[in-house]
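Report on the following structure.
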């Protein structure tokens with residue numbers, strides 16, 4: 014770890030071009046995009062959570078809005094509300110979908126930590142809202158029963 | 184070119200509620216057509232909403248978001264008459280930008 018870090022510093026010092034890229038935000042932007050995107054390829058809930066940043070702590074300050082029973086799995090209204098201060102990111106995950114991570118939202122200062130959208134669900138599943146507040150992860154879970162799957166086939 | 188989005192933005196008590204309905208097939212790439220061939224993925228990957236040039240929401244989506252996606256969010260600092268601009272980009276590189284006036 015230490016050597017990796019010092020190597021990186023050496024590279025940064027040596028490589029003026031790279032430093033310029035970093036200062037321009039080109040590299041960080043690409044890294045940020047890649048970092049945010051890898052979770053969408055995760056096939057299991059555990060992998061998706063790892064990509065988001067680790068195991069979240071259950072919190073009653075996070076609310077997941079998802080119906081008890083969804084008749085049509087192709088259009089399930091899902092939303093999340095966070096009452097935690099400094100909420101910066103909200104993720105919606107559908108546990109039993111082929112790729113659980115469904116949507117991520119970046120919440121800049123001034124925007125309420127409250128989003129609502131519609132998701133597809135293949136079968137009855139747990140739906141998770143994972144929230145990043147002050148750099149820590151919190152979550153809420155709700156089970157939604159799906160009468161008719163929405164992933165086609 | 185995709186159909187325009189329907190955007191509504193309403194301000195009440197200093198909080199602007201934005202509701203967006205986009206027109207997009209949101210094909211996840213896991214479905215098969217009648218002859219058993221995979222339908223290629225075609226879905227919105229990124230959505231960015233701005234108010235007076237300031238980003239108020241950024242979303243990253245997968246193909247699990249429903250067809251003709253709906254999105255709703257709230258932000259502070261919007262005034263009646265201001266413009267809210269929403270832009271989406273899909274995995275084929277297509278994009279669409281629409282705007283609405285806060286009412």
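Residue numbers (this note's numbering), protein chains in the order written: chain A, 14 to 166; chain B, 184 to 286.
Cβ atoms here follow ideal geometry from the backbone N, Cα and C, with glycine treated the same way.
These numbers come from a predicted model, not from an experiment.
Residue i versus residue j: straight-line alpha-carbon distance, rounded
| i | j | result |
| --- | --- | --- |
| residue 130 of chain A | residue 209 of chain B | 13 Å |
| residue 123 of chain A | residue 286 of chain B | 19 Å |
| residue 62 of chain A | residue 70 of chain A | 12 Å |
| residue 156 of chain A | residue 260 of chain B | 35 Å |
| residue 193 of chain B | residue 204 of chain B | 15 Å |
| residue 140 of chain A | residue 185 of chain B | 30 Å |
| residue 265 of chain B | residue 226 of chain B | 29 Å |
| residue 146 of chain A | residue 102 of chain A | 7 Å |
| residue 132 of chain A | residue 82 of chain A | 14 Å |
| residue 56 of chain A | residue 64 of chain A | 11 Å |
| residue 75 of chain A | residue 100 of chain A | 10 Å |
| residue 113 of chain A | residue 253 of chain B | 19 Å |
| residue 274 of chain B | residue 242 of chain B | 14 Å |
| residue 262 of chain B | residue 126 of chain A | 19 Å |
| residue 218 of chain B | residue 191 of chain B | 40 Å |
| residue 214 of chain B | residue 93 of chain A | 27 Å |
| residue 95 of chain A | residue 54 of chain A | 26 Å |
| residue 196 of chain B | residue 256 of chain B | 15 Å |
| residue 202 of chain B | residue 280 of chain B | 15 Å |
| residue 237 of chain B | residue 117 of chain A | 19 Å |
| residue 154 of chain A | residue 245 of chain B | 20 Å |
| residue 160 of chain A | residue 223 of chain B | 26 Å |
Anticipated Cβ contact below 8 Å, residue i with residue j, distance rounded
| i | j | result |
| --- | --- | --- |
| residue 110 of chain A | residue 247 of chain B | 5 Å |
| residue 107 of chain A | residue 115 of chain A | 5 Å |
| residue 91 of chain A | residue 79 of chain A | 5 Å |
| residue 235 of chain B | residue 207 of chain B | Actually they do not touch by this definition, with Cβ atoms about 26 Å apart. |
Those residues which DSSP pairs with residue i across a bridge
| i | result |
| --- | --- |
| residue 112 of chain A | Note: residue 112 of chain A sits in no beta bridge, so no partner. |
| residue 226 of chain B | None; residue 226 of chain B has no bridge partner. |
| residue 90 of chain A | A/131 |
| residue 85 of chain A | A/161 |
| residue 119 of chain A | A/102, B/241 |
| residue 256 of chain B | A/128, B/201 |
Residues that residue i contacts on chain E, provided the C-beta gap is smaller than 8 Å
| i | result |
| --- | --- |
| residue 141 of chain A | The displayed structure is made up of protein chains A and B, and chain E is not among them. |
- prompt: Which of the residues in the segment 246-259 of chain B, read from start to end, lie with their CB under 9 Å from any CB of chain A?
  reply: 246, 247, 248, 249, 250, 251, 252, 253, 254, 255, 256, 257, 258, 259
- prompt: Do the segment 261-278 of chain B and the segment 228-248 of chain B touch if we need at least three Cβ pairs shorter than 8 Å?
  reply: yes
task: Report the residues of the segment 113-126 of chain A with a CB closer than 8 Å to any CB of chain B, ordered along the chain.
output: 114, 115, 116, 117, 118, 119, 120, 121, 123, 124, 125
field: the segment 224-247 of chain B: positions lying closer than 7 Å to chain A by Cβ
entry: 238, 239, 240, 241, 242, 243, 244, 245, 247
- prompt: According to a CB-to-CB cut-off of less than 7 Å, which residues of the segment 188-209 of chain B neighbour chain A?
  reply: 198
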